[in-house]
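What follows is a set of notes on a single structure, which appears directly below.
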Amino acid sequence: MSEVSNEKSRNDVIVRTSIIAIIANILLVAFKMTIGFLSNSIAIILDAVNNLSDAMSSIITIVGTKLAGRKPDKKHPLGHGRIEYLTSMIISAIVLYAGITSLIESVKSILNKETVNYTNVMLIIIAVAVLVKIVLGRFVKAQGEKYNSDALVASGSDAMFDAVLSFSVLASAIIYKLTNISLEAYVAIVISIFIIKAGFGMLKETISDILGRRAEKELTVTIKRIVSSFKEVRGAFDLFVYNFGPSKNYASIHVEVPDSMTIDDFDVLTRKIEQEVYHKTGVILTGIGAYSYNTKDDEISEIRNKVQEIVFSHDFAFQLHGFYLDKKAKDMRFDVVMSFDVEPGDGAKILTTELKNVYPDYNIEITPDIDISE
Numbered sequence: 011m012s013e014v015s016n017e018k019s020r021n022d023v024i025v026r027t028s029i030i031a032i033i034a035n036i037l038l039v040a041f042k043m044t045i046g047f048l049s050n051s052i053a054i055i056l057d058a059v060n061n062l063s064d065a066m067s068s069i070i071t072i073v074g075t076k077l078a079g080r081k082p083d084k085k086h087p088l089g090h091g092r093i094e095y096l097t098s099m100i101i102s103a104i105v106l107y108a109g110i111t112s113l114i115e116s117v118k119s120i121l122n123k124e125t126v127n128y129t130n131v132m133l134i135i136i137a138v139a140v141l142v143k144i145v146l147g148r149f150v151k152a153q154g155e156k157y158n159s160d161a162l163v164a165s166g167s168d169a170m171f172d173a174v175l176s177f178s179v180l181a182s183a184i185i186y187k188l189t190n191i192s193l194e195a196y197v198a199i200v201i202s203i204f205i206i207k208a209g210f211g212m213l214k215e216t217i218s219d220i221l222g223r224r225a226e227k228e229l230t231v232t233i234k235r236i237v238s239s240f241k242e243v244r245g246a247f248d249l250f251v252y253n254f255g256p257s258k259n260y261a262s263i264h265v266e267v268p269d270s271m272t273i274d275d276f277d278v279l280t281r282k283i284e285q286e287v288y289h290k291t292g293v294i295l296t297g298i299g300a301y302s303y304n305t306k307d308d309e310i311s312e313i314r315n316k317v318q319e320i321v322f323s324h325d326f327a328f329q330l331h332g333f334y335l336d337k338k339a340k341d342m343r344f345d346v347v348m349s350f351d352v353e354p355g356d357g358a359k360i361l362t363t364e365l366k367n368v369y370p371d372y373n374i375e376i377t378p379d380i381d382i383s384e
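Quick note: the sequence shown uses this note's numbering, first residue 11, plus one each step.
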């Protein structure tokens with residue numbers, strides 16, 4: 011199946027799941043609003059409002075998915091996938107609003123000392139609503155995780171919190187009928203705080219996606235393992251993964267290859283690597299750079315080992331790669347992956363100074379790298 015077909019299938023699933031969520035939430039809104047007004051229960055009315063916000067979230071998810079699924083154009087050559095992150099942010103804001111509103115209204119209910127009146131039929135309907143939200147939440151979240159949709163995952167998580175909220179309302183209603191003690195407003199306050207916390211958590215995750223987070227360890231390790239599996243490659247480094255929406259990843263990488271390799275051989279190698287990485291991970295390698303390593307002088311290996319010893323004596327140095335030494339031209343060059351605790355330029359200066367003391371005749375060129383992937 012082609013990438014376009016996969017994307018269309020994914021979008022269709024997201025839209026279908028969102029439509030199911032909209033229908034379920036609208037039915038729940040109708041039932042809960044009716045019960046809330048009949049019983050004079052602020053908790054149930056707020057619960058209904060929360061379900062209405064869920065329906066709105068699903069509508070936003072559909073709109074976002076449709077916009078994100080638009081074909082690439084001249085202005086956006088890598089597609090519109092990142093729109094889904096914006097819809098996830100909007101959903102997170104809706105969850106926060108619902109939580110804050112519930113908190114305010116619950117406090118008002120306590121101050122006004124409002125009384126409630128539940129019937130057994132109302133309790134049964136609330137219990138059914140709890141089960142519906144649990145099933146709906148698990149279904150929507152599972153679809154979101156399966157098809158890598160942050161918006162669906164956020165909606166599913168919100169539905170699960172709604173189920174907890176509804177269950178708490180049910181429990182407080184049962185306690186009220188048995189003891190005539192009203193706890194629903196206090197229960198609503200506690201649940202509102204959890205909803206607000208969840209909203210902040212979702213918002214934080216979405217903002218992290220928009221800013222550009224560190225690529226997942228499993229993905230980067232897999233890509234480097236695939237690249238390093240080719241016999242001509244001694245190591246894979248400097249893997250940058252660029253995300254342009256869920257399941258839309260592009261990347262670049264450097265490989266260490268022998269100094270005896272011709273440009274023709276390298277061209278054949280990089281094409282094989284690109285095909286293998288895409289076939290096994292779905293990531294498109296947009297560029298493969300080369301580090302040449304010495305193969306014609308055994309003494310250089312000893313120098314490299316000494317250089318590594320000096321470099322790794324510093325805690326800020328995580329990795330050394332791309333080492334090449336030209337004895338005739340007296341040039342030594344390599345890259346060092348450095349900690350975020352040190353300024354790259356300062357770290358390179360420290361290492362250069364120490365290496366100059368050991369190899370004063372060499373021109374030493376150190377390129378500081380960012381610790382961007384595993």
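From the three backbone atoms N, C-alpha and C, an ideal C-beta is built for every residue, glycine too.
For the beta strand (DSSP E) containing E375, name the first residue and the last one. DSSP places E375 inside the beta strand (DSSP E), whose first and last residues are N373 to I380.
Give the secondary structure of H331 by DSSP, where H, G and I count as helix, E and B as strand, and everything else as coil. Assignment of H331 by DSSP, reduced to helix, strand and coil, places it in the strand class.
Does DSSP put M212 in a helix, in a strand, or in coil? DSSP, read as helix, strand or coil, puts M212 in helix.
If you count every other CB in all the chains shown that lies within 10 Å of the CB of T377, and 16 or more means buried, which is it? Burial call: exposed.
My parser needs the beta strand (DSSP E) runs of 3 or more residues fully inside the region 30-112; what are they? Not a single unbroken stretch of the beta strand (DSSP E) spanning 3 or more residues falls wholly within the region 30-112.
Span of the alpha helix (DSSP H) holding N315? That run of the alpha helix (DSSP H) goes D308 to V321.
Taking G332 and F247 to be in contact with their CB atoms under 8 Å, please state how far apart those CB atoms are, rounded to whole angstroms. Contact holds; Cβ gap of about 7 Å.
Which residue marks the beginning of the alpha helix (DSSP H) containing E395, and which one marks its end? Because residue 395 is not part of the residues shown, which for the chain are 11 to 384, the question remains open.
Can you list, in chain order, the residues of its chain with a C-beta nearer than 6 Å to that of M342? Leave out the 5 residues immediately preceding and following it. For M342, where only same-chain residues beyond five positions count, the Cβ hits under 6 Å are L335, Y372 and I374.
Give the straight-line distance between the Cα atoms of T296 and I70, rounded to the nearest whole angstrom. Taking the straight line from one Cα to the other gives about 33 Å.
Apply the 10 Å Cβ neighbour rule to E387 and answer buried if 16 or more other Cβ atoms are within range, or exposed otherwise. Residue 387 lies beyond the residue range present for the chain, which begins at 11 and ends at 384; the question has no answer from this structure.
Can you list, in chain order, the residues of its chain with a C-beta nearer than 7 Å to that of R26? Leave out the 5 residues immediately preceding and following it. Answer for R26: no residue qualifies.
M11 to F328, Cα distance in whole Å? The predicted position of M11 is uncertain, since its pLDDT is 44 and thus under 50; a value taken from the coordinates is nonetheless stated next. M11 and F328 have their C-alpha atoms roughly 41 Å apart.
Alpha helix (DSSP H) segment containing T230, residue limits: T230 -> alpha helix (DSSP H) spans K227 to S238.
Is the separation between the beta-carbon of V150 and that of A31 shorter than 8 Å? Cβ atoms of V150 and A31: closer than 8 Å.
What does the Cβ neighbour count give for L56, buried or exposed, with the cut at 16 atoms within 10 Å? A residue is called buried when at least 16 other Cβ atoms come within 10 angstroms of its Cβ; L56 meets this threshold and is buried.
Near V105, which residues of its chain fall below 7 Å by C-beta distance, leaving aside the five closest residues on each side in sequence? Excluding the 5 residues flanking it on each side, V105 has same chain C-beta neighbours closer than 7 Å at D168, I205, A208, G209 and M212, in chain order.
Put L249 into one of helix, strand or coil per three-state DSSP. Strand.
Exposed or buried, which one is G255 when buried takes at least 16 other CB atoms within 10 Å? By the neighbour-count criterion, in which a residue is buried when 16 or more other Cβ atoms sit within 10 angstroms of its Cβ, G255 is buried.
With 16 other CB atoms within 10 Å as the buried threshold, where does S349 fall? Under this definition S349 is an exposed residue.
Between which residues of its own chain and M271 is the CB-CB distance below 7 Å, once the five residues before and five after are set aside? Once the five neighbours on either side are set aside, the close Cβ partners of M271 are E242.
Quick check on N367: buried or exposed, where buried means 16 or more other Cβ atoms within 10 Å of its Cβ? So N367 counts as exposed.
Who are the near neighbours of L180 in its chain, counting only those whose CB is closer than 8 Å to its CB and skipping five residues on each side? Hits under 8 Å: L133, I136, A137 and V140.
G79 vs N21 beta-carbon contact at 8 Å: The criterion of a C-beta distance shorter than 8 Å is satisfied by G79 and N21.
Identify, in the order they occur along the chain, each residue of the same chain with its Cβ nearer than 7 Å to the Cβ of G46, setting aside the five sequence neighbours on each side. Leaving aside the five residues that flank G46 on each side, the residues in its chain whose CB is nearer than 7 Å to its CB run, in chain order, I54, I55 and A58.
Can you tell which of E284, L365 and A152 has its C-alpha closest to the C-alpha of Y260? Cα-wise, what sits closest to Y260 is E284.
Backbone CA spacing between N190 and R224 [nearest angstrom]: Rounded to the nearest whole angstrom, the CA to CA distance from N190 to R224 is 54 Å.
Give the secondary structure of L295 by DSSP, where H, G and I count as helix, E and B as strand, and everything else as coil. Collapsing the DSSP output to three states places L295 in a strand.
Can you tell which of R148, S165, N60 and H86 has the C-alpha that lies nearest to the C-alpha of S102? Taking each of R148, S165, N60 and H86 in turn and checking the Cα distance to S102, the smallest one comes out for S165.
Boundaries of the beta strand (DSSP E) in which I263 is found, first to last residue: Taken as a continuous stretch (DSSP letters only), the beta strand (DSSP E) holding I263 covers N259 to P268.
Are the beta-carbon atoms belonging to S262 and D160 less than 8 Å from one another? No.
Nearest by alpha-carbon distance to D388: which of P82, V287 and A300 is it? There is no way to answer for residue 388, as the model of the chain reaches only from 11 to 384.
For G292, the nearest candidate out of Y107, K258, E364 and R244 (CA to CA): Residue K258 is the option with its Cα nearest to G292.
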